[in-house]
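Chemist: Next up is a structure, given as structure tokens.
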Amino acid sequence: MDFEKVIDRNETNSMKWDFYPDRYGADDLWPMWVADMDFQTPKSVRDAMQEVVDHGIFGYHRRPTSLFDATTAWLKNRFDWEVNNSQIVFTPGVVPAISHLIQTFTEEGDGVIIQPPVYYPFYALVHNNKRTLVRNPLKETEQGFTVDLDDLEKKMQDGAKMLLLCSPHNPIGRVWSEEELTEIAKLAETYKVLVVSDEIHADLILEGKHTPFAKAAAGREVETMTCLAPSKTFNLASLQLSYVVFENDRSQKAYETHLQREFVGIDNPFATAAAEAAYRHGEEWLEHLLEYVRHNVQYVKEYIETNMPEMKVIEPEGTYLIWIDMRELNKNDKELEAWLRKEAKLALSEGHIFGEEGSGFVRINAACPRTTLEEGLKRMNTAYKNL
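Here's what the structure looks like:
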């Protein structure tokens, strides 16, 4: 578990390292954008995948019961959440799963609530499925960001059918408290709004604890589906494995029927082997990872406070992503983009892509060796001194 080790990802078809020129229009930038890690996945996971390679036959594959067992055991161990194997439906990625949930449980024109600034594919998921985007912006206070419950109630009263909840929240890094989730559940129950909770970052808790929305909503008449995956936790994004946990048999059957109609659901043996090994043997690795990321977050916070005081780090409670407030630089979105690319030579996620509420912010990735982080911050500081 050497998180200080720098592994060269260039010329490996890495989206973060090899394809940023396609997005940013320059080939001399330092990548701090895509939400994957610059760390190797646990050795137990690599060993499990190697066994599949050594077998040498990659024919049609069916998920074994042992994968379901490992998944439910993980949910119980990490979140004290009792889930039966029968409640789980595997899918090739959380974003596709959310799209299929929208298609299954809403109609064209129905209102779908999002809480910006938020993970930018949420916008496309609503628009591409011809649903109506309903905005419930997070409320910024002196204590940080929180859900605007009054506005959320109004949007639900107006007839929205679904809420896409990002928990923990990307890019803000909030880990919603059980009390906050309970208030959302009360509103969803009152106005009969279905809640799809994207909890892909649930294992990556830096402060506090994660409460699954379904657990917070237990005992209420709330229709909820929880989307999870080992991909963020163990750096397995390209293996395309995620799952949805259902609380309602009728809804689960409707979703499974939709997936069957679309011929979605065939797994591959590498994803199965990796996920099962991660959930059975990856907890110690994860705890060391979280400690390393905590130190990286503190390093970023202290570096920026010391060297670039006009910027402010919104310290994440969860995820390995850091939301940085650059509004005091007094640059509009185009000016900030140009400064970051041309002067700082950085490829990072500009805040406005998460919604207009993200204007003046940026998101950087702290799941990398310290030297990688240092290089990015040095570039930023050099550009800052020349403002």
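Quick note: the sequence shown uses this note's numbering, first residue 536, plus one each step.
Backbone N, C-alpha and C fix where the C-beta goes; we use that ideal spot for every residue, glycine too.
Beta strand (DSSP E) containing serine 579: first to last residue?
Modeler: Along the sequence shown, read from residue 1 onward, the residue named residue 579 stands at position 44. Not the beta strand (DSSP E): serine 579 falls in the alpha helix (DSSP H), residues 578 to 590.
Chemist: Between which two residues does the alpha helix (DSSP H) containing glycine 679 stretch?
Modeler: If you number the sequence shown from 1, residue 679 lands on position 144. Run containing glycine 679: none in the alpha helix (DSSP H); it sits in the beta strand (DSSP E), 679 to 681.
Chemist: May I ask you to verify whether the stretch 837 to 849 touches the stretch 611 to 631, counting CB pairs closer than 8 Å and requiring at least 3?
Modeler: Judged by Cβ distances under 8 Å, the stretch 837 to 849 makes no contact with the stretch 611 to 631, as fewer than three pairs qualify.
Chemist: Within the continuous alpha helix (DSSP H) that includes asparagine 842, where are the two ends?
Modeler: Stepping through the sequence shown from its first residue, residue 842 is reached at position 307. Unbroken alpha helix (DSSP H) run through asparagine 842: 818 to 842.
Chemist: So who's on the other strand from valine 848, going by DSSP bridges?
Modeler: On the sequence shown, position 313 is the one that residue 848 refers to. Ile859.
Chemist: Figure out for me which residue from Glu870, Ala772, Asn865, Thr717 has the closest Cα to the Cα of alanine 753.
Modeler: Along the sequence shown, read from residue 1 onward, the residue named residue 753 stands at position 218. Taking only the C-alpha atoms, the option nearest alanine 753 is Thr717.
Chemist: According to DSSP, is valine 731 part of a helix, a strand, or is it coil?
Modeler: Position 196 of the sequence shown holds residue 731. Three-state DSSP puts valine 731 in a strand.
Chemist: If you scan the stretch 678 to 721 from start to end, which runs of the beta strand (DSSP E) of 3 or more residues do you find wholly inside it?
Modeler: Listed in chain order, they are 679 to 681, 697 to 701.
Chemist: Taking 6 Å as the limit between beta carbons, can you name the residues of its chain near valine 661, skipping five residues before and five after?
Modeler: Residue numbering aside, residue 661 sits at position 126 when the sequence shown is read from its first letter. Taken in chain order, the residues that qualify are Val647, Leu668.
Chemist: Output needed for valine 828: all residues of its chain with C-beta closer than 7 Å, excluding positions within five of it in sequence on either side, in chain order.
Modeler: Mapped onto the sequence shown, residue 828 falls at position 293. Excluding sequence neighbours, valine 828 sits near Leu741, Tyr855, Ala901, Ala902.
Chemist: If you draw a straight line from the alpha carbon of phenylalanine 889 to that of histidine 704, how long is it in whole angstroms?
Modeler: Locating residue 889 in the sequence shown gives position 354, counting from the first residue. Locating residue 704 in the sequence shown gives position 169, counting from the first residue. Using only the alpha carbons, I get a separation of about 12 Å.
Chemist: Less than 7 Å between the C-beta atoms of threonine 626 and tyrosine 814, yes or no?
Modeler: To locate residue 626, count along the sequence shown from 1; it is residue 91. To locate residue 814, count along the sequence shown from 1; it is residue 279. No.
Chemist: Can valine 653 and alanine 764 be called in contact, C-beta distance under 7 Å?
Modeler: The count along the sequence shown starts at 1 and reaches residue 653 at position 118. The count along the sequence shown starts at 1 and reaches residue 764 at position 229. No; because the gap between Cβ atoms is not below 7 Å, this pair is not in contact.
Chemist: Run through the DSSP bridge pairs and tell me what proline 566 is partnered with.
Modeler: As a first step, residue 566 is located in the sequence shown; it is residue number 31 there, counting from the start. BP columns for proline 566 point to Ala882.
Chemist: Could you check which residue in Asn663, Ser712, Tyr658 has the C-alpha nearest to that of lysine 744?
Modeler: As a working note, residue 744 is residue 209 in the sequence shown. Among Asn663, Ser712, Tyr658, the Cα nearest to that of lysine 744 is on Ser712.
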